[in-house]
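Number of protein chains: 2
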Amino acid sequence: MNINSSIGIFDSGLGGLSVLKQFIRFLPNESYIYIGDTARVPYGNKSPETVAKYAAECTEFLLKRDVKLIVAACNTVSSVALDTVINVAGDVPVVGMIKPGANAALRATINNKIGIIGTRATIASKSYQNEIEKISNVKTVSSYPQACPLFVPFVEEGLQNSPAAKILAEDYLCKLRNEGIDTLILACTHYPLLSHLIQEIMPGINLIDSGEHASVSSLRLLAELKLLRDESEKFIDKPDIKFYVSDLPQNFYQQAQSFLGFDVGTPELIVL
Amino acid sequence: MNINSSIGIFDSGLGGLSVLKQFIRFLPNESYIYIGDTARVPYGNKSPETVAKYAAECTEFLLKRDVKLIVAACNTVSSVALDTVINVAGDVPVVGMIKPGANAALRATINNKIGIIGTRATIASKSYQNEIEKISNVKTVSSYPQACPLFVPFVEEGLQNSPAAKILAEDYLCKLRNEGIDTLILACTHYPLLSHLIQEIMPGINLIDSGEHASVSSLRLLAELKLLRDESEKFIDKPDIKFYVSDLPQNFYQQAQSFLGFDVGTPELIVL
Chain H
739 MNINSSIGIF DSGLGGLSVL KQFIRFLPNE SYIYIGDTAR VPYGNKSPET VAKYAAECTE
799 FLLKRDVKLI VAACNTVSSV ALDTVINVAG DVPVVGMIKP GANAALRATI NNKIGIIGTR
859 ATIASKSYQN EIEKISNVKT VSSYPQACPL FVPFVEEGLQ NSPAAKILAE DYLCKLRNEG
919 IDTLILACTH YPLLSHLIQE IMPGINLIDS GEHASVSSLR LLAELKLLRD ESEKFIDKPD
979 IKFYVSDLPQ NFYQQAQSFL GFDVGTPELI VL
Chain X
739 MNINSSIGIF DSGLGGLSVL KQFIRFLPNE SYIYIGDTAR VPYGNKSPET VAKYAAECTE
799 FLLKRDVKLI VAACNTVSSV ALDTVINVAG DVPVVGMIKP GANAALRATI NNKIGIIGTR
859 ATIASKSYQN EIEKISNVKT VSSYPQACPL FVPFVEEGLQ NSPAAKILAE DYLCKLRNEG
919 IDTLILACTH YPLLSHLIQE IMPGINLIDS GEHASVSSLR LLAELKLLRD ESEKFIDKPD
979 IKFYVSDLPQ NFYQQAQSFL GFDVGTPELI VL
């Protein structure tokens, strides 16, 4: 790997495109390889062993393409299989979602009540809760976890702005609102697409997008390793991204457009 | 200067606290020196010569305190006096608001229509328009500048959520909305406090907070210069910030609280 190598990002499906978007925002001059394991999505309700096996396969795929950084965009992978990714990656640095997200939430909260919404697997793993407990030495923080299993299929169907999504969000979030949390971790890559809705239900709340903070952590890591490309003086119209998917979902283009805001072209179908 | 030196941030008044907030978000382990030149605020309607003189004095004050980076948080200073700051700063790196903000807007826009709202001085200087033109090599971008002189006093008075602020914002922004812009640069440090209101008037628009992107640019710069402190494993409850003001406004504490979300203690009164 060298300064011109790509940054590799993988996710169980298309949710990780919200993480990729944050990377492009802060590191527009890098090139990216994105894997969406769309043939085996979702990971959120599978066993840790199976998730670890899939994560290892995605990592190996990226390593063959000489990436300089591996980003486990999937919160489920980050929660239950990050050690596997790190082991497989060897010398290549790895960034997950939990540490950056938990850190950002701790810095943002004032009343020390942090909500966490994610898939059943992420919530059950207690990954965010444990990380918050580990790093909050002087603060006594209460965590309020809430699994929101239907948010992913709603986003996948493009129904994130529907009246039903609003009622569903109200149902999922009313308990957290009643607890008086002031900070909410979006512990699933799909959820940033619901942030407008969530903000409406809980005005004034700090929404933590783990992908945003993972991208800034990666920027720092790569800068310190002298592995960042030069900042171009000129604007680059189209980010340099190569997309791989293990299955081509019917509405891939609309989903990708709504995640990224631009046309991603045709992804390459792969077998992992 | 060394790795433990502070990051120096200066502004004409308290608006720069919104920039400081972004620095704390991404660089919580650094120490900061903040100057608010509250005795001579606002800079936005003064001549470029006077603004340059004041900016030089703020820079000299920070240099005496051995800072490792100087951040011109004020968009007016960044627009008309950044060269002065760079000259006075000598070997100490300087970050302004224009380049990071213009770059972020160019990356965010899809329909290539970018609105810019700021003080009369910032808008008249055409700083953002010129920077966008300079760096947008492949894109043809239209800029829509709009001075919003009353936004600053509304925020200073703590009236950013009042019905009058809403009517005022509607007046200022309706032209930009009719132009169909999809991206809006908040080219004044006070405006992030109005972002909720602006988002309400222009739903779905990309709001660009130059301070956010200036903080990430600074992170990169300091990382490459090996001047970043280590990331602490443990959470630091209270950021290490020393506040200096040239006058103590009556409602300083409420304003600072609403900018930063935490109590800043008593600032030190200085003569610049």
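Chains as they are written, first to last, in our numbering: chain H, 739 to 1010; chain X, 739 to 1010. Even for Gly, the Cβ is constructed at its ideal location relative to N, Cα and C.
Asked: With 16 other Cβ atoms within 10 Å as the buried cut-off, status of X/K976; Found: exposed
Asked: Closest residue to H/A811 among H/M739, H/G754 and H/L888 (Cα-Cα distance); Found: H/G754
Asked: Cβ-based neighbour list, H/L897, same chain, cut-off 6 Å, excluding 5 preceding and 5 following; Found: A903
Asked: Exposure label - X/V1009; buried when at least 16 CB within 10 Å; Found: exposed
Asked: Beta-carbon neighbours of X/F997, restricted to chain H and to distances below 7 Å; Found: By Cβ distance, chain H contributes nothing, its closest Cβ being about 13 Å from X/F997, past 7 Å.
Asked: Beta carbon of H/S816 nearer than 8 Å to that of H/I848; Found: no
Asked: Residue of X/T822, X/R763, X/N767 and X/I808 minimising C-alpha distance to X/Y792; Found: X/T822
Asked: Nearest to X/L924 (by Cα), restricted to the options X/E969, X/Y866 and X/K913; Found: X/Y866
Asked: Closest Cα partner of X/P987 within the set X/G856, X/V818 and X/E895; Found: X/E895
Asked: Contact residues within the stretch 837–858 of chain X, judged by C-beta distance below 9 Å to chain H; Found: N841, A842, L844, R845, A846 and I848
Asked: Close beta carbons around H/I824, own chain, < 8 Å, minus the five adjacent residues each side; Found: V832
Asked: Reference X/E768; option with closest CA among X/Y882, X/I979 and X/H928; Found: X/I979
Asked: Inter-residue Cα distance where the pair is H/P901 and X/E798; Found: 57 Å
Asked: Proximal residues to H/N989 (C-beta, below 7 Å), its chain only, five neighbours per side dropped; Found: G896
Asked: Environment of H/L1007 [buried if 16+ CB atoms lie within 10 Å]; Found: exposed
Asked: Residues bridged to H/G853 (per DSSP); Found: H/Y882 and H/L922
Asked: Short CB-CB distance (under 8 Å) between X/A790 and chain H; Found: no
Asked: Beta-carbon separation (whole angstroms), H/G942 vs H/K851, contact threshold 8 Å; Found: That pair is no contact at about 13 Å.
Asked: Min CB distance H/E871 to chain X below 8 Å; Found: no
Asked: The beta strand (DSSP E) enclosing H/N944, as first and last residue numbers; Found: N944 to D947
Asked: H/K960 versus X/F761 - alpha carbon distance; Found: Here residue 960 of chain H is Leu; the residue named in the question, Lys, does not match the sequence. Spanning the two alpha carbons is a distance of roughly 19 Å.
Asked: For X/A777, the three-state DSSP class (helix, strand or coil); Found: coil
Asked: Straight-line Cα distance separating X/A843 from H/Y953; Found: A small fix is needed here, since residue 953 of chain H is Ser in this sequence, not Tyr. For H/S953 and X/A843, the distance between alpha carbons rounds to 18 Å.
Asked: Cross-chain neighbours of X/R967 in chain H, by beta carbon under 9 Å; Found: None at all; the shortest Cβ gap to chain H is about 11 Å.
Asked: Element boundaries [alpha helix (DSSP H), containing H/A827]; Found: L820 to A827
Asked: For H/A819 and X/V680, the rounded distance between their alpha carbons; Found: Because chain X here runs from 739 to 1010, residue 680 of chain X falls outside it and cannot be looked at.
Asked: Where H/F764 meets chain X, residues with beta-carbon distance less than 7 Å; Found: V954
Asked: Proximal residues, the stretch 927–941 of chain X versus chain H, C-beta separation under 7 Å; Found: none
Asked: Nonlocal neighbours in the same chain, by C-beta distance under 6 Å from H/I861, ignoring five residues either side; Found: P883 and A885
Asked: Expected contact under 8 Å - CB spacing of H/G782 and H/A840 to nearest Å; Found: Not confirmed; about 19 Å, so no contact.
Asked: Own chain, CB closer than 7 Å to H/P838, minus 5 neighbours either side, in chain order; Found: S948, H951, A952 and S955
Asked: Residues, ordered as in the chain, of the stretch 746–779 of chain H that lie near chain X by beta-carbon distance below 8 Å; Found: I762, R763, F764 and P766
Asked: H/V879 versus H/S785 - alpha carbon distance; Found: 29 Å
Asked: Rounded straight-line distance, which links the Cα of H/A994 to that of H/L752; Found: 7 Å
Asked: Spatial neighbours of H/C796 in its chain, beta-carbon cut-off 7 Å, leaving aside the 5 residues before and after; Found: F748, I773, D775 and L1010
Asked: Residues near X/L966 by beta carbon distance below 8 Å, same chain, minus five either side; Found: I741, L765, E768, L957 and L960
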